[in-house]
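Per this note's numbering: the sequence shown ends with 342, consecutive numbering throughout. Glycine included, every Cβ here is placed at the ideal spot set by N, Cα and C. Please read all numbers here as calculations on a predicted model, not as lab measurements.
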Amino acid sequence: MINSAYTPPLDLIRRPRRNRQSAAIRALVRETRVHVDDLIQPLFVKDGNGGPEAIGSMPGLERLSVKSLVKEANELVKLGIRAVALFPTIDPVLKDARGKYAVMARNWFFGTIRHLKNEIPELLVVADVALDPYTSHGHDGVLDANSGDVANDETVHILTQYASLLAASGTDIVAPSDMMDGRIGAIRDELDREGFSQTSILAYAAKFASAYYGPFRDAVGSAKSKGVPALDKRTYQLDPANLREALLEARLDEDQGADILMVKPAGLYLDVISAVKAGTTLPVAAYQVSGEYAQIHAAAHAGWLDLEKARDESLLAIKRAGADILLTYFAKDVAKSLKNL
Ligand code: PBG
2 MINSAYTPPL DLIRRPRRNR QSAAIRALVR ETRVHVDDLI QPLFVKDGNG
52 GPEAIGSMPG LERLSVKSLV KEANELVKLG IRAVALFPTI DPVLKDARGK
102 YAVMARNWFF GTIRHLKNEI PELLVVADVA LDPYTSHGHD GVLDANSGDV
152 ANDETVHILT QYASLLAASG TDIVAPSDMM DGRIGAIRDE LDREGFSQTS
202 ILAYAAKFAS AYYGPFRDAV GSAKSKGVPA LDKRTYQLDP ANLREALLEA
252 RLDEDQGADI LMVKPAGLYL DVISAVKAGT TLPVAAYQVS GEYAQIHAAA
302 HAGWLDLEKA RDESLLAIKR AGADILLTYF AKDVAKSLKN L
């Protein structure tokens, strides 16, 4: 009979648990950390002077008019966040099939950026370059009259003008999210020609046709376009099945002058982040998108996940995969918890 009261010790040289036995040693051996310097906070902005408007599908986030935007940005800066990515919500009456309002000098969004940069010059402003906030059909570009598909070269031409107007308004980093062919090179050329050689390009290099953008489309109102069923962007955004094609896109954007390469979504594409990182010497960003954020919130709301723990683990995983920069709607909350607030 075995005497169950006595277990002889195993003869082990390696006991990995020794390095996990206290909070102090776990901190010493921790390989990956999310730092406030890594974070970019995406923010939704609207015209006018109205108060903040809640966004149903994105708990804790609001559409901000310029005054509340400056207030929010000041709070972020106090928490140590030094970059925001702005997304405009355009009134449907200003939208048309060609997204013409985007490149009008009177576009209020340019004024908002100018104001924000005047108030907080040290804050880095990232602005998306795509036409979806401005088109009545919600696509990222203009449609070809014959095929009905987004017309590549014509869209690129409009986007270069938009990028240049954003730069002229004080945007530090333009972020083409449209996935047209050749847009990075065309935007770099136009920016340089217009005297904005110091304006950076954060390329949405590998942006997948994902189901996880739903809450964002609610937030900017690009989902509710008349006459169009569900938005299908598969002729320009990447097939979620394709890693090698993502690497091709990353290489093209790097060759055309991107300063930072981004993978989007993040949490479901950790292999892509890691492969992009291995193949470039540029900084790599990852965008934890609206659906990833909403999913964690929904499960936490139902009592099924711990919000903070799931949030922190999701971001840690994205960093561990190789992302240097994290675009996340959780940025402010994370910055607070890093400060123990
Ligand atoms: C638009 C754009 C999208 C997002 C960022 N820029 C949506 C889309 O491509 O339809 C998604 C961001 C998110 O879901 O958080 N070009």
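In its chain, beyond the 5 residues on either side, Y102 have a beta carbon closer than 7 Å to the beta carbon of L95. Its chain contains F111, I114, R115 as the residues whose beta carbon lies nearer than 6 Å to that of S170, once the 5 sequence neighbours on both sides are disregarded; these appear in chain order. The beta carbon of A324 is closer than 6 Å to those of I274, V285, A287 in its chain, skipping five residues each way along the sequence.
Taking each of A332, R321, I326 in turn and checking the Cα distance to R312, the smallest one comes out for A332. Excluding the 5 residues flanking it on each side, E123 has same chain C-beta neighbours closer than 8 Å at V78, R83, in chain order. Classified as buried, W109 has 16 or more neighbouring CB atoms from the shown chains inside 10 Å of its CB. Counting C-beta atoms within 10 angstroms of its own C-beta, T172 has 16 or more neighbours from the protein chains shown and is therefore classed as buried. When distances are taken from the beta-carbon of D182 to the heavy atoms of the ligand PBG, even the shortest one reaches 7 Å or more. A direct Cα-to-Cα measurement between R19 and V151 gives close to 58 Å. In terms of side-chain proximity, the C-beta atom of A103 is found no nearer than 7 Å to any non-hydrogen atom of the ligand PBG. Taking V175 as the centre and dropping the five residues before and after it, the same chain places the C-beta of A128, V130, A164, L167, A168, I188, T200, I202 closer than 7 Å to its C-beta, in chain order. Check the Cα spacing between L269 and each of G280, E250, L244, R252: the tightest is with L244.
When DSSP states are grouped into helix, strand and coil, S201 belongs to the strand group. Fully enclosed alpha helix (DSSP H) runs of no fewer than 4 residues occupy 291-302, 308-321 of the stretch 284-331, in order along the chain. Ranked by Cα distance from L70, the first of P53, S58, P134 is P53. The alpha helix (DSSP H) runs lying completely inside the stretch 117-168 and spanning 4 residues or more number zero. For Y213, the shortest C-beta to heavy atom distance toward the ligand PBG is below 7 Å.
Counting only runs of 4 or more residues that sit fully inside the stretch 218-270, the alpha helix (DSSP H) segments are 245-256, in chain order.
Closest option to L87, judged by alpha-carbon separation, among T33, H302, D12, R64: R64. Secondary structure of L95 (DSSP, three-state): helix. Using a Cβ distance threshold of 8 Å, I185 and G258 count as a contacting pair.
Contact between T156 and G139 is ruled out by a C-beta separation of about 14 Å, above the 8 Å threshold. Note that the C-beta distance between A206 and E250 is below 8 Å. For R184, no beta strand (DSSP E) encloses it; the enclosing alpha helix (DSSP H) starts and ends at 184-194. Contact between L248 and D254 is ruled out by a C-beta separation of about 11 Å, above the 8 Å threshold.
T236 counts as exposed, since fewer than 16 other beta carbons sit within 10 angstroms of its beta carbon. Here L317 has T33, V35 as same chain residues with Cβ atoms under 7 Å from its own Cβ, once five neighbours each way along the sequence are excluded. The closest CA to that of Y135, considering only L117, T90, R16, D38, is found on T90.
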